[in-house]
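S.K.:
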Amino acid sequence: MHAMHKDDFDSIEPALAQEWNARRGDSSLPWEQARSAARAAWDRAEGAYFRTGDPDDSSESSEAKENEQVVGVLNELLESTRDAEFGFQACADEVAAANLQQLFYHRAEQCHQAADELVQLIWRFGGTPSEGGTAGGAMHRGWIHIKGAMGADSDLAMLEECERREDAALARYSKALAQTLPHEVRSFVERQVQGARRNHDQIRDLRNEARDAPDERGGQAENVRR
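In this note's numbering, the protein residues as written are 1307 to 1532.
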């Protein structure tokens, strides 16, 4: 970044004097008399420079704008990741099977860790992390508890809910990958996409097993759900 200094005028004065003498034309004003006016004009220009910044330094303002856009993407991911964390916790509270409860709590913890990483990235790019999740996420968790209270197929209902949550995670991270992102942010998002795909496939398989399992009425859960 180029910087102007108070001694710049003194350093270029010989060149200015030479140019003045070459270009003054019919003016009889010698450089010795024009010097004070030229110095005053220089000082005014220098003052404007330090008030407004380097007019040639557009890269810094461009970088700030890019960082602001990155922070916006990261904050959207942070809010939805917190929604997912709380959602998995709500599902864990509603299932009867111990293995599913453990799985959902584990996914909630993974989301919590991802949220912590997002917070650090947001700070690194000069932003302020959003607090909490979204209002829609809170309403959705209320619906999870209602579904859990509806009866015998609670485990299947929670598996279906968690599969949708993994679908949503894949969608939001894929949307983020479509943006222009710094390398470290893109690497983070790609890791989350890979994890969401693995988790989605695991939950899908468990959901299929639950659908095919006989229910208490002698039928199959899949017949109830389809």
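Glycine included, each C-beta is placed from N, C-alpha and C at the ideal position. Note that this is a predicted model, so its numbers are computed, not measured.
Nearest-angstrom Cα distance between GLN1324 and VAL1377?
M.R.: Straight-line Cα distance between these residues: approximately 52 angstroms.
S.K.: In angstroms, rounded to a whole number, what distance separates the CA positions of GLU1372 and TYR1479?
M.R.: Roughly 19 angstroms separates the two Cα atoms.
S.K.: Quick one: Cα of ALA1502 to Cα of GLY1432, how far?
M.R.: Looking at the two C-alpha atoms, the distance is approximately 27 angstroms.
S.K.: Considering only the beta carbon of each residue, do ALA1516 and LEU1462 sit closer than 7 angstroms?
M.R.: Contact flag set, yes.
S.K.: How would you call ALA1420, buried or exposed, if buried means at least 16 neighbouring beta carbons within 10 angstroms?
M.R.: It is buried - the Cβ of ALA1420 has at least 16 other Cβ atoms within 10 Å.
S.K.: For ASP1518 and LEU1409, I'd like the C-alpha separation in whole angstroms.
M.R.: Their Cα atoms are separated by approximately 20 angstroms.
S.K.: VAL1379 and GLN1464 - do their beta-carbons sit closer together than 7 angstroms?
M.R.: In the sequence as displayed, the identity of residue 1464 is Met instead of Gln. Not a contact, by the Cβ cut-off of 7 angstroms.
S.K.: Around the Cβ of SER1493, are there at least 16 other Cβ atoms within 10 angstroms (buried) or fewer (exposed)?
M.R.: So SER1493 ends up on the exposed side.
S.K.: Assign GLN1485 to one of three DSSP states: helix, strand, or coil.
M.R.: Coil.
S.K.: Report yes if the CB atom of ARG1382 is closer than 7 angstroms to the CB atom of HIS1418, and no otherwise.
M.R.: As written in the sequence, residue 1382 is Glu, which differs from the Arg given in the question. No, they are not a contact pair.
S.K.: For TYR1355 and PRO1320, what's the separation of their Cα atoms in angstroms?
M.R.: Residue placement at TYR1355 is poorly supported in this model, since its pLDDT is 49, which falls under 50; the coordinates still yield a value, given next. Each residue's alpha carbon lies about 23 angstroms from the other.
S.K.: What residues in its chain sit with their C-beta under 6 angstroms from that of LEU1512, if we drop five residues either side in the sequence?
M.R.: Around LEU1512: LEU1465.
S.K.: Which of helix, strand or coil does DSSP assign to THR1387?
M.R.: It is helical.
S.K.: Assign ALA1477 to buried or exposed, taking buried as 16 or more other Cβ atoms, counted over all protein chains shown, within 10 Å of its Cβ.
M.R.: With fewer than 16 Cβ atoms within 10 Å of its Cβ, ALA1477 is classed as exposed.
S.K.: Smallest Cα separation from CYS1468: which of GLU1437, ASP1507, GLU1369, ARG1497?
M.R.: Checking every option, the nearest Cα to that of CYS1468 belongs to ASP1507.
S.K.: Please list the terminal residues of the continuous alpha helix (DSSP H) segment that includes GLU1415.
M.R.: Residues 1404 to 1430.
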